[in-house]
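Chains as they are written, first to last, in our numbering: chain G, 1 to 107; chain S, 108 to 280.
Using N, Cα and C, we set each Cβ at its ideal position, and we do this for glycine too.
Because the structure is a prediction, the values reported are computed rather than measured.
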């Protein structure tokens, strides 16, 4: 057996044993351009990552009142792993006219 | 245009003197100057707030204003350089600057919660005025497409600031 195959087998054994790698966790990208989240409505599952790509020269946030808050610096990307199922409306604390919606399904 | 300028200010109804009613349709160099001046005014007011206020939310709001308006003005300067437009001082810019100076002095005399309330109330009024002017005068008058685009994005940003200011004002009550 080649060394590479051996380590693959080992990895497979570890993963198989712990089962810790989520089967279908996805990364969903939302772009921010000229103060617009796009797409504005997204569907995701618990465990998925939302990644905001900020093309603006301004800092923004993705904020759910009383829950999570992600700051997205200008020209940077920031992400958040969804922890709870349910529909959430999020907005930018700095520019509350920016709004987005995520429908989060259970795992 | 004169009528439209006056109408815009009357509709907003917040300025003591008709800042936007003193000239004919502004040219691109004048529009650039007005927009830049409006940004500088808000940064100056915010810096006063950062020094004077003890209210966490007011200070955070003021810091947001400094950050955003400086970023927008930096972009505006880069654009005028690219377009080889020299911003041109004009009556509207001068009136804005004069009123802002008076307001800054007036606010400078206040303290504590009275200052916080007056600063935030003025931010609400000021952003309403600027948004109104952008919408009805500056954006329609801009002839360069890129300048118009920057003003349109500016309007969205300042509408955001207005909502943010209104939110802070509600918290102070």
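Own chain residues within Cβ distance below 7 Å of residue i, not counting five before or after
{"i": "residue 255 (chain S)", "result": "246, 249"}
{"i": "residue 81 (chain S)", "result": "The question about residue 81 (chain S) has no answer, for chain S in this structure spans 108 to 280."}
{"i": "residue 85 (chain G)", "result": "46, 104, 105, 106"}
{"i": "residue 261 (chain S)", "result": "142, 179, 241"}
{"i": "residue 146 (chain S)", "result": "176, 179, 180"}
{"i": "residue 189 (chain G)", "result": "Here chain G has residues from 1 to 107 only, and residue 189 (chain G) is not among them."}
Residue i - DSSP class collapsed to helix/strand/coil
{"i": "residue 104 (chain G)", "result": "strand"}
{"i": "residue 145 (chain G)", "result": "No answer is possible for residue 145 (chain G): the residues shown for chain G start at 1 and end at 107."}
{"i": "residue 217 (chain S)", "result": "coil"}
{"i": "residue 94 (chain G)", "result": "coil"}
Residue i - partner residues in DSSP beta bridges
{"i": "residue 43 (chain G)", "result": "G:103"}
{"i": "residue 233 (chain S)", "result": "Residue 233 (chain S) is not bridged to any residue."}
{"i": "residue 227 (chain S)", "result": "None, per the DSSP bridge assignment."}
{"i": "residue 89 (chain G)", "result": "G:101"}
{"i": "residue 36 (chain G)", "result": "G:33"}
Spatial neighbours of residue i in its chain, beta-carbon cut-off 6 Å, leaving aside the 5 residues before and after
{"i": "residue 100 (chain G)", "result": "37, 40, 90"}
{"i": "residue 268 (chain S)", "result": "234"}
{"i": "residue 168 (chain S)", "result": "275"}
Minimum Cβ-Cβ distance from residue i to chain G less than 7 Å
{"i": "residue 266 (chain S)", "result": "yes"}
{"i": "residue 271 (chain S)", "result": "yes"}
{"i": "residue 238 (chain S)", "result": "no"}
{"i": "residue 149 (chain S)", "result": "no"}
7 Å Cβ cutoff, residue i in contact with chain S
{"i": "residue 133 (chain G)", "result": "For residue 133 (chain G) there is no data in the structure shown, the boundaries of chain G being 1 and 107."}
{"i": "residue 54 (chain G)", "result": "no"}
{"i": "residue 99 (chain G)", "result": "no"}
{"i": "residue 82 (chain G)", "result": "no"}
{"i": "residue 75 (chain G)", "result": "no"}
{"i": "residue 45 (chain G)", "result": "no"}
{"i": "residue 88 (chain G)", "result": "no"}
{"i": "residue 28 (chain G)", "result": "no"}
Beta-carbon contacts of residue i that lie in its chain and below 8 Å, excluding the five residues immediately before and after
{"i": "residue 77 (chain G)", "result": "51, 52, 53, 54"}
{"i": "residue 197 (chain S)", "result": "130, 133, 137, 140, 141"}
{"i": "residue 264 (chain S)", "result": "175, 179"}
{"i": "residue 57 (chain G)", "result": "74, 75"}
Kindly provide the ranges of any alpha helix (DSSP H) runs that are 4 or more residues long and lie completely inside the region 38-85 of chain G, ordered along the chain.
Note on the region 38-85 of chain G: there is no whole alpha helix (DSSP H) run with a minimum of 4 residues.
Go through the region 162-197 of chain S residue by residue and report every complete run of the alpha helix (DSSP H) that reaches 4 residues or more, in order.
163-190
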